[in-house]
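Visitor: Just so we're aligned: the sequence shown equals residues 1 to 288 in our numbering.
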Amino acid sequence: MNWFDLLYKIVPLPVFVFLRNIFRKYQSIRYPRISEAKFKTLLREELGVKKGMVVFVHSSLDKLNIDFSPIKLLDLLKEAVGEEGTLLFPCWHYKGRAEDFLNQDNAVFNVNKSATTMGLLPELARRSSGAIRSLHPTASVVAVGKLAYELTFEHHLDVYPNGIKSPLYKLMNYDSRIIGLGERVISLSFVHVVEDIMKKDFPIETLQPEVRNLKVINYDGDEEIVKTLIPSINIAKRDTFKFIKKHVSAPIHIALKINGVNFFSVKPLLFYSKIETLAKEGITIYNS
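1. Once you ignore the five residues that flank K146 on each side, which residues in its own chain have a CB closer than 6 angstroms to its CB?
2. If contact is defined by three or more beta carbon pairs under 8 angstroms, each pair taking one atom from either stretch, is the segment 179–198 in contact with the segment 269–277?
3. Are there 16 or more other CB atoms within 10 angstroms of the CB of I132, so buried, or fewer, so exposed?
4. Would you mind reading off the limits of the beta strand (DSSP E) that contains R212?
5. Distance, Cα to Cα, I244 vs L278?
6. Start and end of the beta strand (DSSP E) containing L135?
7. Given a cut-off of 8 angstroms on the beta-carbon distance, is the pair L171 and F68 in contact?
8. For the beta strand (DSSP E) containing S176, name the first residue and the last one.
9. Under the three-state reduction of DSSP, which class applies to S69: helix, strand or coil?
10. Taking the alpha helix (DSSP H) that P90 falls in, what are its first and last residues?
11. With distances taken from CA atoms, which of E46, P32, I34 is nearest A250?
12. So, N234 versus I204, is the Cβ gap smaller than 8 angstroms?
13. In terms of residues, what are the limits of the beta strand (DSSP E) holding I227?
14. Less than 8 angstroms between the CB atoms is what I'm expecting for V211 and I34, so what's the real figure, rounded?
15. CB-CB under 7 angstroms to P122, same chain, minus the five flanking residues each way: which ones, in chain order?
16. Which residue wins for smallest C-alpha separation from V108, given the options E79, D239, T138?
17. Could you give the DSSP three-state label for A37: helix, strand or coil?
18. Please report the straight-line C-alpha distance between L135 and I164, rounded to a whole angstrom.
19. Quick one: using the 10 Å Cβ neighbour count with 16 as the cut-off for buried, is D201 buried or exposed?
20. Determine the DSSP secondary structure at I58, reduced to helix, strand or coil.
21. Out of G182, I197, R127, state which residue places its alpha-carbon closest to the alpha-carbon of S166.
22. Does the distance from the CB of N110 to the CB of I217 come in under 8 angstroms?
23. Please classify E195: is it buried, with 16 or more other beta-carbons within 10 angstroms of its beta-carbon, or exposed?
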């Protein structure tokens with residue numbers, strides 16, 4: 001655990017946010033901004049992004065010290081995978097726990113109009129030409145590129161948010177990467193795929209047993225009901241960073257820091273195989 005994580009646990013949230021903002025301002029002054037040329041080299045040589053790949057992107061523009069616009073960032077990512085490639089971004093639309101959102105009287109997910117709370121880059125992707133957003137009401141993903149439809153079209157038909165019909169699971173069917181831009185692996189949602197595939201064979205219960213019926217406004221503006229399971233309170237106590245640092249190494253997972261900014265890259269198929277093996281031994285992000 002680094003000092004930043006320790007601060008988060010021991011000081012009040014407003015104090016943490018204040019100190020975090022000061023630190024980020026200091027970092028932006030201390031380190032030179034990352035140029036377009038350096039970013040393109042980083043994608044290719046450090047994060048392993050190539051033409052034709054399917055790439056799932058976790059990002060934080062607040063932490064990403066770049067000298068170009070967010071729109072240009074999206075363009076550079078599209079350029080990196082090319083016309084044959086596809087980009088995906090987390091695109092759910094609520095803050096906090098899914099259960100808290102679903103318990104609201106007016107809980108509804110509008111695939112066309114519900115802005116994502118996952119940051120500016122996913123929102124720009126959602127609004128971009130040709131983007132397709134999955135209809136899943138608690139784990140929506142937006143995709144841009146050649147395989148956008150194939151990766152998203154049936155996500156809402158699986159009661160398991162990260163099951164075999166989810167975009168995250170389907171990453172394993174292609175030459176793919178999961179990358180973090182300004183993020184550490186603490187944000188890696190792919191860790192939950194193994195839970196939804198192993199189901200009751202996973203060491204702990206990560207989903208509530210009751211299937212929930214949720215209102216969704218689809219692309220045609222029509223209301224439909226999507227059935228899904230929602231996360232258990234059990235998943236609150238987890239340490240993804242510690243688990244991966246201890247059990248998953250290169251080339252499956254690569255973490256680096258450039259100009260004071262965190263980046264990571266994960267190979268989905270190899271990563272899944274590794275954490276499934278660990279889960280069968282009783283080792284997970286919840287007890288590592």
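Every residue gets a Cβ at the ideal spot worked out from N, C-alpha and C, and that includes glycine.
Guide: Looking at the coordinates:
1. E84, T86
2. yes
3. buried
4. 212–217
5. 11 angstroms
6. Taken as a continuous stretch (DSSP letters only), L135 belongs to no beta strand (DSSP E), as it is neither H nor E.
7. no
8. 176–181
9. coil
10. Looking at the DSSP string, P90 is not in any alpha helix (DSSP H); the run it does join, the beta strand (DSSP E), is 86–90.
11. E46
12. yes
13. Checking the displayed sequence, the identity of residue 227 turns out to be Lys instead of Ile. Unbroken beta strand (DSSP E) run through K227: 223–228.
14. Not really, about 45 angstroms apart at Cβ, beyond 8 angstroms.
15. F89, P90, C91, T116, V142
16. T138
17. helix
18. 15 angstroms
19. exposed
20. Per the sequence shown, the amino acid found at residue 58 is His instead of Ile. In this structure, H58 counts as strand in the three-state DSSP scheme.
21. I197
22. yes
23. buried
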